[in-house]
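S.K.:
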Amino acid sequence: MSKILIVEDEEAIAELEKDYLELNDFEVTIENSGDTGLATALSEDFDLIILDLMLPGIDGFEICRRIREDKNVPILMVSAKKDDIDKIRGLGLGADDYLTKPFSPSELVARVKAHMARYERLVGSHMKENDIIEIRGIRIDKTARRVFINGEEKTFTTKEFDLLTFLAENPNHVFTKEEIFREIWDMDSIGDIATVTVHIKKIREKIETDTSKPQYIETIWGVGYRFKV
Ligand code: CA
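Positions 42 to 270 (the numbering used here) are the ones given, in order, by the sequence shown.
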C-alpha cells in the first residue's frame, strides 16, 4: 500500500483529505505542524507528501527545501493563495505539483494518483537513488535519460543531455570549453569547441527561466562554464 504524508495545520481539511485517500487505498499519516511534519518526512519513507504552505513553526517553503536535500519523494504543495503558487514555482524548490485551496477531494486524489504513476515509471523500485541527480528544480534521471524542470519534462539531444549531466555531476567546478569538448565529444570527432557554446545555449533555453541571467550554468568569462549550486 502506498504511504502518504499530509502536513496540514487545519485538522478538518487534513481529515477530509485522509478520508478520501484512504477510500482509494492509500495509507495516510497526518502531521499538524511544520516541525513535526519535517521530522516525520525525513525520518520515514513516504511515496508522496502533501504539504501545506502556511504552517505553525517551519513553513512549507523551508520544509520542501529540506526534504529535497535528502529525498526524491514527490511533493504536492497546497496553498490558499494563488500568489504563493507562483512564488513556489519561481523559487524552484523542487515541488512536483501545486494545488490552490479550496480544491475538491477528488481532484486531490486524481493528482496524487497521477504523480504516483509517474514516479513509479521514473524511479522504479529497482533503480538506485544515485541514478538521479536533483539540483534545485532540475531532476536528471540518468538511467532513463530524462530531464524534468520543476516537474515538467524537457527533451534533450544526446550531447545536450551528456553535457548537462557532466556539469551537474561536477557542481561548482569550472571547466574550460576544451575540457568539456574532450569529455563529451570524441577526440577524433569532427567539429570544434564552438560547438560547446552552441550546446550550452540550447541547454540554457530549456532549463533557465531567463537565459540572460542563468541560474544554473554560469559563464566564467575567459575560462569556461560551471554549474552553480
Ligand atoms: Ca495552513
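Using N, Cα and C, we set each Cβ at its ideal position, and we do this for glycine too.
Which same chain residues end up closer than 6 angstroms to G265 when comparing Cβ atoms and leaving out the 5 residues on each side of it in sequence?
M.R.: For G265, where only same-chain residues beyond five positions count, the Cβ hits under 6 angstroms are V215, F216, T217 and K218.
S.K.: Between the C-alpha atoms of L134 and I190, what's the straight-line distance to the nearest angstrom?
M.R.: Approximately 11 angstroms between the Cα atoms of the pair.
S.K.: Between L89 and L117, is the Cβ-Cβ spacing less than 8 angstroms?
M.R.: Closer than 8 angstroms, so yes.
S.K.: Can you list, in chain order, the residues of its chain whose CB lies under 6 angstroms from that of A121, leaving out five sequence neighbours each side?
M.R.: Excluding positions up to five away in sequence, the list reads K142.
S.K.: Where are the alpha helix (DSSP H) runs, 4 residues long or more, that stay fully inside the segment 169 to 237, in chain order?
M.R.: The qualifying runs are 199 to 210 and 218 to 225.
S.K.: Any idea if E49 is buried or exposed, counting beta-carbon neighbours within 10 angstroms, 16 or more meaning buried?
M.R.: Looking at its Cβ environment, which holds 16 or more other Cβ atoms inside 10 Å, E49 is buried.
S.K.: Is it the case that the segment 69 to 76 contacts the segment 97 to 105, given that we only count it when at least three CB pairs across the two stretches are under 8 angstroms?
M.R.: As far as the Cβ criterion goes, the segment 97 to 105 touches the segment 69 to 76, which means the pair count is three or higher.
S.K.: Taking the alpha-carbon positions, what's the F145 to R152 distance?
M.R.: One point to set straight first is that residue 145 is Ser, not Phe, in the sequence displayed. Distance between the alpha carbons of S145 and R152: 11 angstroms.
S.K.: Looking at the unbroken beta strand (DSSP E) that takes in E84, where does it start and where does it end?
M.R.: Correcting the residue type first, residue 84 is Ser in the shown sequence and not Glu. Counting along the chain, S84 falls outside any beta strand (DSSP E), though it belongs to the alpha helix (DSSP H) covering G75 to S84.
S.K.: Checking the sheet assignment: what are the DSSP bridge partners for M118?
M.R.: L92 and Y139.
S.K.: May I ask you to list the residues that DSSP assigns as paired with G265?
M.R.: Answer is T217 and I261.
S.K.: What's the gap between the Cα of L94 and the Cα of E52?
M.R.: If you take the alpha carbons of L94 and E52, they lie about 14 angstroms apart.
S.K.: Whose C-beta lies closer than 7 angstroms to the C-beta of N65 among residues of the same chain, with five residues either side of it excluded?
M.R.: Correct list, in chain order: V150.
S.K.: Quick one: give me the first and last residue of the beta strand (DSSP E) that L46 is part of.
M.R.: First-last of the beta strand (DSSP E) with L46: K44 to V48.
S.K.: Hey, would you say the C-beta of E72 is under 7 angstroms away from at least one heavy atom of ligand 1?
M.R.: It does not: the Cβ of E72 is nowhere closer than 7 angstroms to a heavy atom of ligand 1.
S.K.: Going straight from the alpha carbon of T260 to that of N213, what length do you get?
M.R.: Taking the straight line joining both Cα atoms gives about 12 angstroms.
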